[in-house]
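Peer 1: Quick one: this structure, given as structure tokens, is what I'll be asking you about.
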Amino acid sequence: ASAGIGYAYDLFDNLRIGVKAKYLVGLAAANANIDQMRVDMSSDAWTVNTQATMSAYGHGLRPLTGTTDENGNEVPTDYITGLEFTGVETLAPAGKGFAFDFGLCYSPIKKLKLSAALTNVGSIRWDAEAVINAQSTGEVAFSGLTLDLEASGEDAIAQLGEDISNNLINMIQFKQIAQQGAAVQKLDSRLLLAADYKPFRGLNAGLIYTLENTAYGQFDELTASANISLLKDLQFAGSYTLFSDYGRSFGFALNFCSLIYLSWDHILTHVSPQFVPLDVLSTQFEVGLRLPIGKYKKRDLPKLLYFGK
Numbered sequence: 005a006s007a008g009i010g011y012a013y014d015l016f017d018n019l020r021i022g023v024k025a026k027y028l029v030g031l032a033a034a035n036a037n038i039d040q041m042r043v044d045m046s047s048d049a050w051t052v053n054t055q056a057t058m059s060a061y062g063h064g065l066r067p068l069t070g071t072t073d074e075n076g077n078e079v080p081t082d083y084i085t086g087l088e089f090t091g092v093e094t095l096a097p098a099g100k101g102f103a104f105d106f107g108l109c110y111s112p113i114k115k116l117k118l119s120a121a122l123t124n125v126g127s128i129r130w131d132a133e134a135v136i137n138a139q140s141t142g143e144v145a146f147s148g149l150t151l152d153l154e155a156s157g158e159d160a161i162a163q164l165g166e167d168i169s170n171n172l173i174n175m176i177q178f179k180q181i182a183q184q185g186a187a188v189q190k191l192d193s194r195l196l197l198a199a200d201y202k203p204f205r206g207l208n209a210g211l212i213y214t215l216e217n218t219a220y221g222q223f224d225e226l227t228a229s230a231n232i233s234l235l236k237d238l239q240f241a242g243s244y245t246l247f248s249d250y251g252r253s254f255g256f257a258l259n260f261c262s263l264i265y266l267s268w269d270h271i272l273t274h275v276s277p278q279f280v281p282l283d284v285l286s287t288q289f290e291v292g293l294r295l296p297i298g299k300y301k302k303r304d305l306p307k308l309l310y311f312g313k
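My numbering applies: residue 5 is where the sequence shown begins, and numbers increase by one.
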């Protein structure tokens, strides 16, 4: 969650700049990175060699060890098989930080606007007692799955899906390592370049290019969008990604009274010819509220307080 204060200023009639400072609060987060994975496939079994790291953040978060065998008996393990939140301390913020957004908007001709923004420039600091670090190095053997032919169709499919999930987790066996002090996590910053054209009243069409800088590298995408003003206080927007390193996506948004917005987007993941997902399938829903304080006057600095994600 975040709360921020933003300022905007008209340098000229056709050029506006703005900045926003955000205070960030995080309850929990987790990320994993596979640096290397080698799979040797034989007719009897797969042998998986991995080098991977994982970090999880959250008060009351503890790693789980142990699994069950085919007879349902508990089997202890020396690697992490899951994560669990316990106690009321899970409601306490585990991380705090700051971030900044910068932007400008330029209108060279009537009905055309060009804009640029740099967002999420900052970091979040996670409390030392809320950090769990783990790494995976070594070799794991995978001998396959067994399908119960006597079970009903839905039960058999559900059991097979659970077995696949458990075996995928076990292929990368994370073992907890010591954490020294608090952890500082750099935010994924974004550079956005956009063009917006208004052919006639009530319709805007545009293109937006996004370059995201993450811990795993840089990713870019180009998205086309359209905004329709159905009524004075009701706007509808739709978008579709023309190309992206993450996979194709589409989304919709509704804006009420220029103060409340609802948005939904969905990423169509890349798959292999065998329909094995190569990227993360993602659906995101957002609700936002904006409360303007005071009246905006040209060449003044309007004060805007934002609440939301």
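Glycine included, every Cβ here is placed at the ideal spot set by N, Cα and C.
Tell me which residues share the same chain as residue 60 and place their Cβ nearer than 7 Å to its Cβ, disregarding the 5 neighbours each side in the sequence.
Peer 2: 34, 87, 136
Peer 1: Could you check whether residue 225 and residue 248 sit closer than 8 Å to each other, using their CB atoms as the reference points?
Peer 2: yes
Peer 1: State the CB to CB distance for the pair residue 133 and residue 52, rounded to an integer number of angstroms; the pair is presumed to be in contact (CB under 8 Å).
Peer 2: About 33 Å; that fails the 8 Å criterion.
Peer 1: Provide the residue span of the beta strand (DSSP E) that contains residue 52, from first to last.
Peer 2: 50-62
Peer 1: If I'm right that residue 199 touches residue 210 with Cβ under 8 Å, what's the distance once you round it to whole angstroms?
Peer 2: 6 Å
Peer 1: CB-CB under 6 Å to residue 36, same chain, minus the five flanking residues each way: which ones, in chain order?
Peer 2: 58
Peer 1: On the criterion of 16 or more Cβ atoms from any shown chain inside 10 Å, does residue 216 qualify as buried, or is it exposed?
Peer 2: With 16 or more other Cβ atoms within 10 Å, it is buried.
Peer 1: How would you call residue 191, buried or exposed, if buried means at least 16 neighbouring beta carbons within 10 angstroms?
Peer 2: Residue 191 is buried by the Cβ-count criterion.
Peer 1: Would DSSP call residue 216 helix, strand or coil?
Peer 2: strand
Peer 1: Return the CA-CA distance between residue 79 and residue 269, expressed in angstroms with no decimal places.
Peer 2: 41 Å
Peer 1: Helix, strand or coil for residue 74, going by three-state DSSP, please let me know.
Peer 2: coil
Peer 1: Helix, strand or coil for residue 95, going by three-state DSSP, please let me know.
Peer 2: helix
Peer 1: Which residue's Cα is closest to the Cα of residue 263: 6, 245, 296, 287?
Peer 2: 296
Peer 1: Using the Cα positions of residue 94 and residue 82, report the straight-line distance between them to the nearest angstrom.
Peer 2: 25 Å
Peer 1: Could you pull out every residue in the same chain whose Cβ sits closer than 7 Å to the Cβ of residue 181, ignoring the five residues on either side in sequence?
Peer 2: 137, 138, 139
Peer 1: Just verifying my parser: in three-state terms, what is the DSSP assignment at residue 121?
Peer 2: DSSP places residue 121 in strand when its eight states are reduced to three.
Peer 1: Are three or more beta carbon pairs between the stretch 69-76 and the stretch 108-115 nearer than 8 Å?
Peer 2: No: the two stretches stay apart, fewer than three of their Cβ pairs being nearer than 8 Å.
Peer 1: Report the rounded CA-to-CA distance for residue 56 versus residue 220, giving the unit in angstroms.
Peer 2: Rounded to whole angstroms, residue 56 to residue 220 spans 13 Å at the Cα level.
Peer 1: Identify every residue that forms a DSSP beta bridge with residue 133.
Peer 2: Note: residue 133 sits in no beta bridge, so no partner.
Peer 1: Go ahead and label residue 46 buried or exposed: buried means 16 or more other beta carbons lie within 10 angstroms of its beta carbon, across all protein chains shown.
Peer 2: That one is exposed.
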